[in-house]
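A short worksheet on the structure shown next.
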Amino acid sequence: MKRLLVHLHLYYKDQTDYFLEKLSHISGCRWTLYVTVLEKDIEIEKKFLQLNADVRFLTVDNAGYDILPFIKVIRTVCLYDFDYILKLHTKASRVPGVIINGQMFSGFSWRNELVDSLIGSRCRFRKIMRTLDSDPLIGLACSDLLFADACEGLAGGKHMLESELARLGITSPLRRFCAGTMFIVRASACGYLQSGDISDGIFGEHTATGETGSMSHVYERILSMSVGNWGYKAYTVVTDPFRSVLMRLHGRGGKS
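Per the numbering used here, the sequence shown runs over residues 112 to 367.
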């Protein structure tokens, strides 16, 4: 039976029940859930402990959005204990919305697309796991609609991205990323996150400004792009065939 590490960064506590319902779709594997929070909450912990998983809680500082908490979880575990890693996090409603790959996402639709592409149903989750098991070259699975060009939405951070890739020694041919940073990745592709090359200090405090040139946004791209450094490719999950076709007709989206 495959072993899955799940990380949920619970910044918005009022989304607890939404994620509990989605997490209940994980089946057919042994899984460990790390929930990162800014402060301990016994009542919320009780809810997560009802899941059929090995559930652990980690208190983190309000820094690095969902990126630094994910890195902290990776540093905490032994990657050899897992085959795959599922990364999730709460996400605020967007009003009026945001355009990614030429598609409009408003309200909670961005969050919902990210989550539903991975654990929207038990059937979908199991299909992704079977796909990963059957093709050892797939290193990352994420939403088809949100698999975007690495430079999209990065504004003045393009130089930061290239500099950080060079500093880490990552020379990936994959130039796309999961916009919103929710995905399933092979544990074997995450070893670089355990090195001493990435310090907490490079990440700023979590703000609601929406700025796109921060180191957190740079690592949002690196977390996806880096799988190509080890010869892996990405697999995108189609949740809405019509929108995926429309996206490509307009010259957006694309495979790894």
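Glycine is no exception: its CB is placed at the ideal position from the N, C-alpha and C atoms.
Check: Nearest-angstrom Cα separation, counted from V349 out to E156; Outcome: 33 Å
Check: DSSP state of T363 mapped onto helix, strand, coil; Outcome: In the sequence as presented, Thr is not what sits at residue 363; that position holds Arg. R363: coil per DSSP, three-state reduction.
Check: As assigned by DSSP and simplified to three states, the class of H328; Outcome: helix
Check: Expected contact under 8 Å - CB spacing of Y343 and R297 to nearest Å; Outcome: 7 Å
Check: Pairwise C-alpha distance: T127 and E263; Outcome: 30 Å
Check: Touching by the beta-carbon criterion (3+ pairs, under 8 Å), the segment 146-165 and the segment 234-241; Outcome: no
Check: Nonlocal neighbours in the same chain, by C-beta distance under 6 Å from L243, ignoring five residues either side; Outcome: I249
Check: Member of D152, I137, L115, R332 whose CA lies at the smallest distance from the CA of M271; Outcome: R332
Check: Separation of Y145 from L116, as counted between CA atoms; Outcome: 8 Å
Check: Rounded separation between T320 and G291 - CA only; Outcome: Note that T320 scores 45 on pLDDT, short of 50, meaning its location in the model is unreliable and no value can be drawn from it.
Check: Residues near R186 in its chain [Cβ-Cβ closer than 6 Å; skip 5 each side]; Outcome: Q305
Check: As assigned by DSSP and simplified to three states, the class of K198; Outcome: strand
Check: Proximity winner among I196, H120, C140, relative to C253 (alpha-carbon distances); Outcome: I196
Check: Contact under 9 Å by Cβ, F258 with G364; Outcome: yes
Check: Complete beta strand (DSSP E) runs within the segment 154-188 (minimum length 3 residues, chain order); Outcome: 165-170
Check: Close beta carbons around G139, own chain, < 6 Å, minus the five adjacent residues each side; Outcome: R237
Check: Minimum C-alpha distance to F288 - residue among L251, C301, A300, D351; Outcome: L251
Check: At least three beta-carbon pairs within less than 8 Å, the segment 118-127 to the segment 206-217; Outcome: no
Check: 8 Å Cβ shell around M336 - same chain, five flanking residues per side excluded; Outcome: A261, L276, I281, S283, L285, R286, R287, F288
Check: Run of the alpha helix (DSSP H) containing K133, from where it starts to where it stops; Outcome: 127-134
Check: Rounded separation between K269 and H328 - CA only; Outcome: 10 Å
Check: Residue span of the alpha helix (DSSP H) that contains W341, given as start and end; Outcome: That residue, W341, is in no alpha helix (DSSP H); it is neither H nor E in DSSP.
Check: 6 Å Cβ shell around F314 - same chain, five flanking residues per side excluded; Outcome: A174, G175, L179, M326, S327
Check: Local conformation of Y122 per DSSP, three classes; Outcome: coil
Check: Backbone secondary structure at C234 - three-state DSSP; Outcome: helix
Check: Local Cβ density within 10 Å of D192, reported as buried at 16 or more and exposed below that; Outcome: exposed
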